[in-house]
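If you count by the numbering used here, then the sequence shown holds residues 181 to 584, one letter each, in order.
Working notes, structure below.
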Amino acid sequence: MQEMNADKNYDVIIVGAGPAGLSFACSLVDLNLKVMVVERSTLSSISSPKPDGKETALTHNSLKILRKLGVWDLIDETKVSLLREAKVFDGDSDSLLNFTAKKSSIDALGYLVPNHLIRLALYEKASHSDNLSIISDLSVESVETSYSGGKVTLSDGQILNSKLIVAADSRFSEIRRKMGIESTMKDFSKVMIITRVSHEKDHNQIALECFNYGHTLALLPLNGNISSVVLTVPTDEADQMLNMDQEKFCKFASEGFNGSLGEMKQIGERFSYPLVGVYAKKFRSTRFALIGDAAVGMHPVTAHGFNLGLRGQDILSKSISKALNAGKDIGSVEVLREFENKQIHLSRLMYFGTNGVVSLFTNDDEKAKQIRKLVLKFADRFPPIKSLITKHLTESKKSNLIPF
Ligand SMILES: Cc1cc2nc3c(=O)[nH]c(=O)nc-3n(C[C@H](O)[C@H](O)[C@H](O)COP(=O)(O)OP(=O)(O)OC[C@H]3O[C@@H](n4cnc5c(N)ncnc54)[C@H](O)[C@@H]3O)c2cc1C
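Structure follows, in structure tokens:
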């Protein structure tokens with residue numbers, strides 16, 4: 181629904197119609213609230229998102245949330261690939277860490293879904309919901325909140341009022357800054373290059389992560405003999421890899437996996453993402469909350485970003501629902517404090533834990549190489565650690581962890 185209501189008072193205004201903003205909007209659908217989502221990009225970019233190279237790895241908990249929202253059923257199931265096993269290799273050493281879903285009662289560690297199909301399903305659900313309006317091609321320029329309410333000013337000068345404002349406006353969130361919320365930012369000076377390839381041999385639904393010296397190479401198994409190759413290189417080498425001719429690029433990738441998949445052929449565009457991590461020091465202010473990457477923008481190596489975003493918005497919508505049932509104010513400190521307390525600790529752990537893994541496994545110092553060999557050997561030979569991680573990978577109620 182693109183028409184803006186004449187009445188400019190809402191219960192909730194969401195800034196950003198990315199995956200986090202739209203999933204939160206979908207979570208509010210059954211609460212009988214008047215919700216407005218403001219998105220600065222074009223209508224077609226959110227209603228018919230194009231492939232962006234990302235194959236989003238979803239945890240069981242994320243699946244549960246998407247099912248609850250009625251979004252999962254809108255995703256073409258033939259495009260969902262099961263991730264049954266994951267192997268982590270370290271440089272030229274023989275250290276290896278292996279996670280598998282085989283011994284547990286469930287069928288997969290996680291599920292790989294093309295990101296644009298998740299965005300499409302979220303938009304379909306949100307745009308067909310009563311009480312929910314989406315406006316595109318306009319950005320939120322300023323935001324103000326007080327104990328009695330909040331208001332945003334759009335790029336065309338319109339002013340919208342609400343009880344609660346939720347920013348889901350990306351890791352580079354301007355709204356977060358305008359609300360005076362500090363964040364820590366880590367520029368990894370690396371670029372992730374992604375493309376789809378077909379290959380001769382079966383991947384057996386096993387994901388591979390090779391922390392080679394100088395670069396990192398990952399393989400995400402898709403349906404058929406097709407995979408997503410994810411190469412992470414220092415920024416100054418990115419152009420060379422992006423412009424490399426297909427044959428050479430595929431040879432490089434195939435050799436990076438020791439030829440285990442045979443010859444590779446590029447079958448998709450090459451996409452690139454500069455890697456910057458962001459962590460907001462708090463997730464709330466007066467009548468204001470941060471969700472998605474605006475709260476915590478993860479390094480993608482552990483595939484937590486959207487999973488954490490989904491979890492956060494789910495917590496916030498539950499707190500709002502609780503307040504509504506008790507006849508309380510949905511933008512109160514109580515609601516926002518509950519959301520923050522439940523989301524911030526796990527997010528902090530994931531964010532700094534992931535950054536720790538990244539700095540250890542992408543540091544080619546002799547000392548770091550020795551430490552990572554020890555870490556992998558210890559983790560692989562100490563079953564409780566592996567089973568704990570696999571449990572995290574597969575269980576729906578605990579945290580959401582996929583190694584990459
Ligand atoms: C290469 C890569 C691979 C990834 N793989 C995984 C994975 O496997 N699993 C996983 O869980 N996560 C993964 N992620 C992370 C995941 O993609 C992000 O966490 C997720 O896309 C963030 O969604 P978001 O809605 O918070 O932000 P965004 O997608 O950045 O959306 C923000 C939206 O806000 C809009 N906006 C910004 N400012 C304004 C404004 N002032 N007014 C109005 N609108 C505004 C923008 O136009 C945009 O549409 C990956 C990320 C990358 C880069």
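Just so it is clear, CB atoms sit at the ideal spot from N, CA and C, and this is done for glycine as well.
| Item | Value |
| --- | --- |
| Taking the CB atoms as reference points, tell me whether Leu312 and Val215 lie closer together than 7 Å. | yes |
| Report the residue from Val413, Tyr453, Pro454, Ser408 whose alpha carbon sits nearest the alpha carbon of Ser434. | Ser408 |
| Nearest-angstrom Cα distance between Thr325 and Arg464? | 12 Å |
| Tell me whether the segment 202–210 and the segment 479–499 touch, counting them as touching only if at least three CB pairs, one residue from each stretch, are closer than 8 Å. | yes |
| Grouping DSSP H, G and I as helix and E and B as strand, with all else coil, what is Ile194? | strand |
| Which one or two residues does DSSP pair with Cys390 in a beta bridge? | Phe269, Leu397 |
| Assuming the contact rule is C-beta atoms closer than 8 Å, Leu302 and Ser203 should be a hit. Round their C-beta distance to whole Å, please. | 6 Å |
| Closer than 8 Å by C-beta to Met478: which residues in its own chain qualify, once you throw out the five before and the five after it? Chain order, please. | Gly457, His484, Gly485, Leu488, Met530, Tyr531, Thr534 |
| Quick one: is His308 buried, meaning 16 or more other Cβ sit within 10 Å of its Cβ, or exposed? | exposed |
| Going straight from the alpha carbon of Leu254 to that of Val218, what length do you get? | 23 Å |
| Where do the N-terminal and C-terminal ends of the beta strand (DSSP E) with Ala483 fall, by residue? | Ala483 -> no beta strand (DSSP E), and no H or E assigned at all. |
| Please classify Val260: does DSSP put it in a helix, a strand, or coil? | coil |
| Return the residue from the list Arg467, Ser512, Val377 that minimises the CA-CA distance to Lys428. | Val377 |
| Please indicate yes or no: does the CB of Ser497 lie closer than 6 Å to some heavy atom of ligand 1? | no |
| Could you have a look at Lys461 and say whether DSSP puts it in helix, strand or coil? | coil |
| Taking only runs of the beta strand (DSSP E) that begin and end inside the segment 410–452, which ones reach a length of at least 3 residues, in chain order? | 444–446 |
| Looking at ligand 1, does it come within less than 6 Å of Glu449, judged from the CB to the closest heavy atom? | no |
| Answer with buried or exposed for His525, where buried requires no fewer than 16 other C-beta atoms within 10 angstroms of its C-beta. | exposed |
| Is Tyr453 a contact residue of ligand 1, with contact defined as CB to any heavy atom under 6 Å? | yes |
| For the beta strand (DSSP E) that contains Arg467, what are its first and last residues? | That residue, Arg467, is in no beta strand (DSSP E); it is neither H nor E in DSSP. |
| Assuming the contact rule is C-beta atoms closer than 8 Å, Leu516 and Ala347 should be a hit. Round their C-beta distance to whole Å, please. | Rounded, the Cβ-Cβ distance is 13 Å, inconsistent with contact. |
| What does a CB cutoff of less than 8 Å around Glu449 pick up in its chain, not counting 5 residues either side in sequence? | Pro231, Gly233, Thr375 |
| Taking the alpha carbon of His240 as the reference point, which residue from Gly290, Leu340, Leu262, Gly196 has its own alpha carbon closest? | Gly290 |
| I need the straight-line Cα distance from Asn438 to Asp336, nearest angstrom please. | 55 Å |
| On the three-state DSSP scale, how would you describe Leu554? | helix |
| Is any non-hydrogen atom of ligand 1 found closer than 6 Å to the C-beta of Phe519, if you look at the structure I gave you? | no |
| Suppose contacts are defined by Cβ-Cβ distances below 7 Å. Is Leu402 in contact with Leu388 by that definition? | no |
| Determine which residues share a DSSP beta bridge with Gly330 and list them. | Thr325, Ser342 |
| Do Leu262 and Ala288 come within 7 Å of each other at the CB atom, strictly closer than that value? | yes |
| Would you mind sorting Thr364 into buried or exposed? The rule is 16 or more other CB atoms within 10 Å of its CB. | exposed |
| Using C-beta distances below 6 Å, list every residue in its chain close to Met421, excluding the 5 sequence neighbours before and after it, in chain order. | Ile373, Val413 |
| Starting from Ala306, follow the alpha helix (DSSP H) in both directions and report where the run begins and ends. | 295–307 |
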